[in-house]
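To start, the structure under review is shown below, and the notes come after it.
There are 2 protein chains.
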Amino acid sequence: MSSQPLRSRRGRPPGRRPGAPDTRGEILAAARAQFAAHGYDGATIRGIATAAGVDPALVHHYFGTKERVFVAAMELPFVPADVTGAVIAGDQGGMGERLARLFVSVWGNPVTRAPFLALIRSALGHEMAATMLRQFVRGALLSPLASVLTAPDRELRIELCASQLIGLGLARYVIRIEPLASASDEEVIALVAPTLQRYLTAHLPGP
Amino acid sequence: MSSQPLRSRRGRPPGRRPGAPDTRGEILAAARAQFAAHGYDGATIRGIATAAGVDPALVHHYFGTKERVFVAAMELPFVPADVTGAVIAGDQGGMGERLARLFVSVWGNPVTRAPFLALIRSALGHEMAATMLRQFVRGALLSPLASVLTAPDRELRIELCASQLIGLGLARYVIRIEPLASASDEEVIALVAPTLQRYLTAHLPGP
DNA sequence: GCCACTATTCAACGCATGATGACTTCTGCG
DNA sequence: CGCAGAAGTCATCATGCGTTGAATAGTGGC
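Shown next, in the form of structure tokens:
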């Protein structure tokens, strides 16, 4: 009995571990999940460390401060330009549907969904996160889309698209109101795509 | 100097205050503001107490627990039925615009906006608040509106309206993306009303 | 095989939080 | 008046947080 130290996870002996484990990466993955689940304030360094099977001090060793963990964890798991490129390429009449399809494909996968969830959850209580969200909307949505539209109020229109998509993500994946939450992707696309299309290209009744 | 106790706010002598001040009401108002500004987790009993000019223990004296302060503070400052009644009364072709106008009028006023902000902010990190939000959407939006619509997927459609309105509130009043945040009410109404109208009454392309 | 460096844990500090219980002062009823 | 109870404060507790500094164990270059 006494020769078996019985350390399941906590109580691992101090000092470097043998081999070359990607501990930093595991911490980042855990952080992403925790921030997505609880938001910036709700997630704790200790919780992240536990989820990564690691001492809390190690998180500080790698990232210094909680804020820095957050910005490191918010690196998107794909390149926004790749994905918005597919939306703006093609006829303008189909942009709404392509945007809707992009949305459900990104939000349908928990891994790609996580950073957005984390960002939105955190933005509500934290100016830093709100700024990051604003910058994402500007850089990854507004700029590319605005370059292919001509209407004078195109920025407004694109942001209305963003507002519909943010609200949809919230209602469907966070608040989970039924029957919206369990509606099929195709059904949601069919309902939302024309809205986006209208925001993007329809002309308004004059003032 | 010694005869002037110099107690600005903290340090008020213990014991009941003379007169009949509505301290409970002041605490509730402070709580509403704090929850709206910081969400459930971000708001603190101490912060609420300070804003109300009162000892933190008094908050517990009146409400017992933080959760109970929250549900007490979330009583809406108007009767939902009064306000949705105006939306469903009238021609169905104008419902979208009436709903959009209701939205900007509720969200345009900080007092009426506060509970919604608090609810949405809190729902993102707290199952209790999420449930309250769900119930509000069901009771104050879905039920009344569903009673005047006939489409088989009308619940879905109404929830899409809700998702658009939630997203709009977030984008405009919390994240404050520009130019959406400073666009005129009329401009926003003109852009959003047709979306709501379409969700409510337009028929979809068949599957 | 030594040695600088990195990876890792441990123990602790200081602070803020939600909650509790004892104590004091005012109000209103009999 | 006398007294029960409501209104109010104070000191305090336990908990959990972010962060720090010291100590230990493995790695890679010479």
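Respectively, the protein sequence lines represent chains A and B. For our numbering, count along the first sequence from 1 and bump the result up by 5. For our numbering, count along the second sequence from 1 and bump the result up by 5. Heads up, the beta-carbon is just placed ideally off N, CA and C, and yes, glycines get one too. Owing to the predicted nature of the structure, the values given are computational and were not obtained by experimental measurement.
Checklist entry - How many angstroms separate the CA atom of A:VAL142 from the CA atom of A:SER127? => result Here residue 142 of chain A refers to the residue found at position 137 of the first sequence. Here residue 127 of chain A refers to the residue found at position 122 of the first sequence. Cα to Cα, A:VAL142 sits roughly 15 Å from A:SER127.
Checklist entry - So what does DSSP say about A:GLY58, is it helix, strand or coil? => result Taking the first sequence and counting its residues from 1, one reaches residue 58 of chain A at position 53. Note: A:GLY58 maps to coil in three-state DSSP.
Item to check | Per-residue burial, A:GLU164 [other beta carbons within 10 Å of its own, 16 or more giving buried] | outcome: Working through the first sequence from its first residue, we reach residue 164 of chain A at position 159. Counting of Cβ neighbours within 10 angstroms places A:GLU164 among the buried residues, the total reaching 16 or more.
Next on the checklist: Here's the rule: buried if 16 or more other CB atoms are within 10 angstroms of the residue's CB, otherwise exposed. What is B:GLU72?
Outcome noted: Numbered from its first residue, the second sequence carries residue 72 of chain B at position 67. Classification of B:GLU72: exposed, given that the 10 Å Cβ count is below 16.
Next on the checklist: Let me confirm a value: B:SER152 is counted as buried when at least 16 other C-beta atoms fall within 10 Å, else exposed. Which label applies?
Outcome noted: Residue 152 of chain B sits at position 147 when you count from the first residue of the second sequence. Flag for B:SER152 reads exposed.
Next on the checklist: On the DSSP letters alone, give me the boundaries of the alpha helix (DSSP H) that A:SER110 sits inside.
Outcome noted: For this step, residue 110 of chain A is matched to residue 105 along the first sequence. Where A:SER110 is concerned, the enclosing alpha helix (DSSP H) stretches over 100-113.
Next on the checklist: I'd like the list of long-range same chain contacts for B:ALA56, defined as Cβ closer than 8 Å, with 5 residues on each side in sequence excluded.
Outcome noted: The residue you call residue 56 of chain B lines up with position 51 of the second sequence. Apart from sequence neighbours up to five positions away, the residues of its chain that approach B:ALA56 with a beta-carbon distance below 8 Å are ALA35, ALA38 and GLN39, ordered along the chain.
Item to check | Under the three-state DSSP convention, the category A:GLY16 falls into | outcome: Here residue 16 of chain A refers to the residue found at position 11 when the first sequence is read from its first residue. Strand at A:GLY16.
Checklist entry - Does the segment 193-205 of chain B come close enough to the segment 101-114 of chain B that 3 or more CB-CB pairs lie under 8 Å? => result Cβ pair count under 8 Å is three or more, so yes.
Checklist entry - Applying a beta-carbon distance threshold of less than 7 Å, which residues of chain B neighbour A:ARG139? => result Residue 139 of chain A sits at position 134 when you count from the first residue of the first sequence. What A:ARG139 touches in chain B: ILE180 and ILE182.
Item to check | Span of the alpha helix (DSSP H) around B:TYR45 | outcome: In the second sequence, the residue the question calls residue 45 of chain B occupies position 40. From DSSP, the alpha helix (DSSP H) with B:TYR45 extends over 28-47.
Item to check | B:VAL74 versus B:VAL88, B:GLN97 and B:ASP46, residue with shortest Cα-Cα distance | outcome: Position 69 of the second sequence, counting from 1, holds the residue named residue 74 of chain B. When each option's Cα is compared against that of B:VAL74, the closest is B:ASP46.
Checklist entry - Going along chain A in order, which residues have a C-beta closer than 7 Å to the C-beta of B:ILE171? => result Within the second sequence, residue 171 of chain B is the residue found at index 166, counting from 1. Those within 7 Å of B:ILE171 in chain A are GLY172, LEU175 and ALA176.
Checklist entry - Which same chain residues, not among the five before or five after A:ALA2, have their C-beta less than 7 Å away from its C-beta? => result Residue 2 of chain A is absent from the structure shown; chain A starts at 6 and stops at 212.
Checklist entry - I think A:ILE93 touches A:LEU150, with their Cβ atoms under 8 Å apart; what is that distance to the nearest whole Å? => result Here the question's residue 93 of chain A lines up with position 88 in the first sequence. Here the question's residue 150 of chain A lines up with position 145 in the first sequence. Yes, they are in contact, since the Cβ atoms of A:ILE93 and A:LEU150 sit about 6 Å apart, within 8 Å.
Next on the checklist: Classify B:HIS43: buried if its beta carbon has 16 or more other beta carbons within 10 angstroms, exposed otherwise.
Outcome noted: By one-based count along the second sequence, residue 43 of chain B stands at place 38. With 16 or more Cβ atoms within 10 Å of its Cβ, B:HIS43 is classed as buried.
Checklist entry - Three-state secondary structure (DSSP) at A:ARG118? => result Counting from 1 along the first sequence, the entry for residue 118 of chain A is found at position 113. Looking at A:ARG118 - three-state DSSP - the assignment turns out to be helix.
Checklist entry - By DSSP, does B:ARG21 sit in helix, in strand, or in coil? => result On the second sequence, residue 21 of chain B is found 16 positions in, with the first residue counted as 1. In this structure, B:ARG21 counts as coil in the three-state DSSP scheme.
Checklist entry - Applying a beta-carbon distance threshold of less than 7 Å, which residues of chain B neighbour A:GLY130? => result Here residue 130 of chain A refers to the residue found at position 125 when the first sequence is read from its first residue. The answer, in chain order, is HIS43, GLY44, GLY47 and ARG126.
Checklist entry - Should A:ALA119 and A:ALA167 be called a contact, given that it needs their Cβ atoms to be closer than 8 Å? => result As a working note, residue 119 of chain A is residue 114 in the first sequence. As a working note, residue 167 of chain A is residue 162 in the first sequence. It is not a contact, given that the beta carbons lie outside the stated cut-off.
Checklist entry - If we ignore side chains and look at the alpha-carbon of each, how far apart do A:THR136 and B:ILE180 end up? => result Here the question's residue 136 of chain A lines up with position 131 in the first sequence. Here the question's residue 180 of chain B lines up with position 175 in the second sequence. If you draw a straight line from the Cα of A:THR136 to the Cα of B:ILE180, it comes to about 8 Å.
Checklist entry - From the beta carbon of B:GLU80, is the nearest beta carbon of chain A less than 8 Å away? => result Locating residue 80 of chain B in the second sequence gives position 75, where the first residue counts as 1. Chain A contact via Cβ: absent.
Checklist entry - What span of residues does the alpha helix (DSSP H) with B:PRO199 cover, start to end? => result Counting from 1 along the second sequence, the entry for residue 199 of chain B is found at position 194. Its alpha helix (DSSP H) spans residues 190-206.
Checklist entry - Buried or exposed: B:VAL76, going by 16 or more other Cβ atoms within 10 Å of its Cβ? => result The count along the second sequence starts at 1 and reaches residue 76 of chain B at position 71. Counting Cβ neighbours within 10 Å, B:VAL76 comes out exposed, since fewer than 16 surround it.
Checklist entry - Can you give the Cα-Cα distance for A:ILE171 and B:GLY172, rounded to whole angstroms? => result Within the first sequence, residue 171 of chain A is the residue found at index 166, counting from 1. Within the second sequence, residue 172 of chain B is the residue found at index 167, counting from 1. Distance between the alpha carbons of A:ILE171 and B:GLY172: 5 Å.
Item to check | Selection of the segment 189-201 of chain A by Cβ proximity to chain B, strictly under 9 Å | outcome: GLU191, GLU192, VAL193, ALA195, LEU196, VAL197, PRO199 and THR200
Checklist entry - Does DSSP put B:LEU129 in a helix, in a strand, or in coil? => result The residue you call residue 129 of chain B lines up with position 124 of the second sequence. Here B:LEU129 carries a coil assignment [DSSP, helix/strand/coil].
Checklist entry - Does DSSP classify B:PRO149 as helix, strand or coil? => result Position 144 of the second sequence, counted from the start, is the residue given in the question as residue 149 of chain B. Looking at B:PRO149 - three-state DSSP - the assignment turns out to be helix.
Item to check | A:LEU154 - DSSP class collapsed to helix/strand/coil | outcome: By one-based count along the first sequence, residue 154 of chain A stands at place 149. A:LEU154 carries a coil assignment under DSSP once its states are collapsed to helix, strand and coil.
Next on the checklist: Tell me which residue opens and which closes the alpha helix (DSSP H) that B:LEU165 is part of.
Outcome noted: Here residue 165 of chain B refers to the residue found at position 160 of the second sequence. Here the alpha helix (DSSP H) through B:LEU165 covers 159-174.
Checklist entry - Which residues in the same chain as B:ALA123 place their Cβ atom closer than 6 Å to its Cβ, once the five residues preceding and following it in sequence are excluded? => result The residue labelled residue 123 of chain B in the question sits at position 118 within the second sequence. The residues are PHE40 and ALA41.
Checklist entry - Is the Cβ of A:ALA25 closer than 8 Å to any Cβ of chain B? => result Within the first sequence, the letter at position 20 stands for residue 25 of chain A. It does not: the Cβ of A:ALA25 has no partner Cβ on chain B nearer than 8 Å.
Checklist entry - In terms of alpha-carbon separation, which member of B:LEU196, B:PRO23 and B:ASP190 lies closest to B:SER110? => result Counting from one through the second sequence, the residue named residue 110 of chain B turns up at place 105. Checking every option, the nearest Cα to that of B:SER110 belongs to B:ASP190.
Checklist entry - In chain B, what lies closer than 7 Å to A:ALA145 by C-beta? => result Start at 1 with the first residue of the first sequence, and residue 145 of chain A comes out as number 140. Here the premise fails: no neighbours, minimum Cβ distance about 13 Å.
Checklist entry - In or out: B:VAL193 buried (at least 16 other Cβ within 10 Å) or exposed? => result Your numbering for residue 193 of chain B matches position 188 in the second sequence. B:VAL193 should be labelled buried.
Checklist entry - Pick from A:ALA91, A:PHE121 and A:GLY69: whose alpha carbon is nearest that of A:LEU138? => result Position 133 of the first sequence, counted from the first residue, corresponds to residue 138 of chain A. Among A:ALA91, A:PHE121 and A:GLY69, the Cα nearest to that of A:LEU138 is on A:PHE121.
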